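Residue numbers (our numbering), protein chains in the order written: chain Z, 2 to 112; chain W, 2 to 112; chain D, 2 to 112; chain S, 2 to 112.
Even for Gly, the Cβ is constructed at its ideal location relative to N, Cα and C.
Quick caveat, the model's predicted, so the values are computed rather than measured.
One structure below.
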C-alpha cells in the first residue's frame with residue numbers, strides 16, 4: 002500500500018501538479034470518478050453491466066482509489082489504520098451473533 | 002493491501018452479508034460514501050472543512066475504500082495492478098516534459 | 002414555474018443567504034441532494050424502496066429541484082426553454098421511428 | 002410546469018420507453034446528471050467554470066430537471082406542492098428573525 006501511494010504521489014510530483022490539488026476538488030473528483038463507475042451500471046442489471054464493461058470497471062475503480070489515496074495522503078491520513086479502525090467500529094455496531102445472515106442492516110437502515 | 006482486503010472480506014463473511022452485496026448496489030454505495038465525504042466540504046473552503054471535520058474525513062475515506070476494495074474483490078480485480086496500469090496509462094497521456102507545472106489538464110479538460 | 006422560482010428566491014432573500022450561494026457550491030449541493038434521494042433506494046428494489054420511503058422521496062425530490070432552480074436562476078438560465086430545447090435535441094438524436102420500443106439507448110450507451 | 006411535465010412524458014411515451022424507467026435507475030440517473038453538471042466546475046472557481054461552460058450548464062440543468070420531473074411523475078408526486086411544503090418546512094427550521102444574514106446554517110451544519 003505504502004509503495005502504491007508513493008508511486009501515485011511521485012506521478013503527481015514529477016508533473017508539479019500538487020498546486021492544483023485543492024482537497025475540496027480532490028473530494029469532488031472522488032465523487033465524480035465514483036459516478037463514472039456507477040454509470041457503467043446505469044439501466045442494467047449487475048450481470049449485464051459486468052458482461053459489457055468489466056475492463057472499464059477496472060479503470061474506474063483505479064481512478065477512485067488513486068484520488069482517494071491522494072486525498073488521504075494530503076490530509077496526513079494513514080489509510081491502513083483508518084480502514085482497520087472503521088472495521089472495528091463496524092464490528093461493534095454489528096456484532097456477529099446478532100447480525101449473522103441478517104438483512105437488518107440492509108433493510109432497516111440506509112448506511 | 003492483500004491483508005486489508007482479507008480483513009474486509011472476513012468481516013463480511015462472518016456476518017454472511019455477501020448475499021446483499023449486489024455489485025450495482027456496491028457501486029452505488031461507493032458513490033454515496035464519496036458524497037458523504039464531499040458533504041464535509043459543502044459551503045466551505047478546504048481549510049475550514051479540514052479544521053472542522055478532519056476526523057470525519059478519515060472515517061468517510063475509510064468507507065469509500067472499504068466499499069471500493071469489496072467491489073474490486075467481488076469482480077476479481079487486482080487493485081494493485083489496476084492502479085499501476087492506470088498510472089502508466091496516465092503517464093503516456095500526460096508526459097512529464099509536456100505537462101510539468103502545466104495546468105492544461107486542469108483548465109482545458111474535465112477528467 | 003416562474004411563481005415557484007420566485008418563492009424559492011424570496012425565501013433566500015428574506016434570509017440574506019445569496020452571499021453563501023457560490024454556484025460551485027450550489028452544483029455540489031444538487032449532487033448531494035440527489036445522493037440523498039438515491040440513498041433511499043440503496044440495497045433495495047424500487048418497490049421495496051417506494052413502500053418504505055415514498056414521503057422521504059418527495060422531500061428529496063423537492064430539495065433537488067429547489068437547488069437546481071436556484072442555480073439556474075443565479076446563472077440567468079430560463080429552465081423552461083432549457084428543458085424544451087433539450088427535449089428537441091433528444092428528439093433529433095432518438096427519432097421515434099427508429100427508437101420506438103427499442104432499448105438501444107438503454108443497452109448500448111451510457112447517457 | 003404541468004405543461005412541461007406533459008411534454009417530457011409525451012417524449013417518453015412516443016418512444017415506449019417507460020418500460021426501461023425503473024425508479025431506482027431514474028434516481029441513479031438524476032445523480033449521474035448532477036455529477037455531469039458538477040464536473041463542469043471541477044478544478045475551477047465558479048467564475049472560470051461559468052466563463053467556459055455556461056451553455057453546457059444549461060444542458061446539464063435541463064437533464065437533471067427532466068429526470069427529476071420524470072421520477073416525480075412516476076411516483077405520483079406533485080412537484081409544485083412538494084416544493085412549497087419543503088419551503089414551509091425550511092421556513093420553520095430557519096426563521097428569518099434568527100437566520101437573517103447569518104451563516105449558521107452554512108457553517109455549523111451540512112445539509
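Alpha carbon to alpha carbon, how far is residue i from residue j?
| i | j | result |
| --- | --- | --- |
| residue 65 of chain S | residue 98 of chain Z | 44 Å |
| residue 112 of chain W | residue 48 of chain D | Confidence at residue 112 of chain W is low in this model, with a pLDDT of 44, below 50, so its placement is unreliable and the value that follows should be read with caution. Going from the Cα of residue 112 of chain W to the Cα of residue 48 of chain D covers about 35 Å. |
| residue 6 of chain W | residue 68 of chain Z | 19 Å |
| residue 106 of chain Z | residue 94 of chain D | 43 Å |
| residue 16 of chain S | residue 100 of chain D | 6 Å |
| residue 24 of chain S | residue 102 of chain W | 45 Å |
| residue 63 of chain D | residue 92 of chain W | 44 Å |
| residue 60 of chain W | residue 83 of chain Z | 7 Å |
| residue 113 of chain W | residue 29 of chain Z | Chain W is shown from 2 up to 112; residue 113 of chain W falls before or after that span and cannot be answered. |
| residue 19 of chain S | residue 8 of chain Z | 47 Å |
| residue 90 of chain Z | residue 90 of chain D | 50 Å |
| residue 26 of chain W | residue 39 of chain W | 20 Å |
| residue 71 of chain W | residue 10 of chain W | 7 Å |
| residue 87 of chain S | residue 31 of chain S | 19 Å |
| residue 73 of chain Z | residue 58 of chain W | 9 Å |
| residue 96 of chain W | residue 85 of chain D | 43 Å |
| residue 12 of chain S | residue 22 of chain S | 13 Å |
| residue 45 of chain S | residue 14 of chain D | 27 Å |
| residue 79 of chain S | residue 4 of chain S | 13 Å |
| residue 33 of chain S | residue 33 of chain W | 12 Å |
| residue 104 of chain W | residue 104 of chain Z | 48 Å |
Kindly list the residues whose CB is nearer than 7 Å to the CB of residue i, restricted to its own chain and excluding five residues on each side of it in sequence; keep chain order.
| i | result |
| --- | --- |
| residue 110 of chain D | Low per-residue confidence applies at residue 110 of chain D: pLDDT is 47, beneath 50, and the placement is therefore not dependable enough to give any value. |
| residue 81 of chain S | 2 |
| residue 55 of chain S | none |
Please list, in chain order, the chain Z residues whose beta carbon lies closer than 8 Å to that of residue i.
| i | result |
| --- | --- |
| residue 33 of chain S | 36, 39, 40, 43 |
| residue 97 of chain W | 15, 16 |
Check for me: the alpha helix (DSSP H) holding residue i runs from which residue to which?
| i | result |
| --- | --- |
| residue 1 of chain D | Residue 1 of chain D lies beyond the residue range present for chain D, which begins at 2 and ends at 112; the question has no answer from this structure. |
| residue 24 of chain Z | 24-40 |
| residue 100 of chain W | 97-100 |
| residue 3 of chain D | 3-16 |
| residue 84 of chain W | 80-94 |
Within the same chain, show all residues whose beta-carbon is closer than 6 Å to that of residue i, passing over the 5 residues directly before and after it, in chain order.
| i | result |
| --- | --- |
| residue 53 of chain S | none |
| residue 35 of chain D | 65 |
| residue 50 of chain Z | 41, 42 |
If the cut is a Cβ gap below 9 Å, which residues of chain D does residue i touch?
| i | result |
| --- | --- |
| residue 69 of chain S | 35, 38, 62, 65, 66, 69 |
| residue 94 of chain S | Ordered by position in chain D, no residue passes the 9 Å Cβ test against residue 94 of chain S, which lies about 11 Å from the chain. |
| residue 54 of chain S | The premise fails here: residue 54 of chain S is roughly 10 Å from chain D at the closest Cβ pair, so nothing lies under 9 Å. |
Below 8 Å on C-beta distance, what does residue i contact in chain S?
| i | result |
| --- | --- |
| residue 91 of chain D | 12 |
Taking C-beta pairs closer than 8 Å, name the residues in chain W that residue i reaches, listed in chain order.
| i | result |
| --- | --- |
| residue 29 of chain S | 29 |
Please list, in chain order, the chain S residues whose beta carbon lies closer than 7 Å to that of residue i.
| i | result |
| --- | --- |
| residue 21 of chain Z | 44 |
Please list, in chain order, the chain Z residues whose beta carbon lies closer than 7 Å to that of residue i.
| i | result |
| --- | --- |
| residue 26 of chain S | 43, 44 |
Excluding five sequence neighbours on each side, which residues of the same chain lie with their C-beta closer than 8 Å to the C-beta of residue i?
| i | result |
| --- | --- |
| residue 37 of chain Z | 61, 64 |
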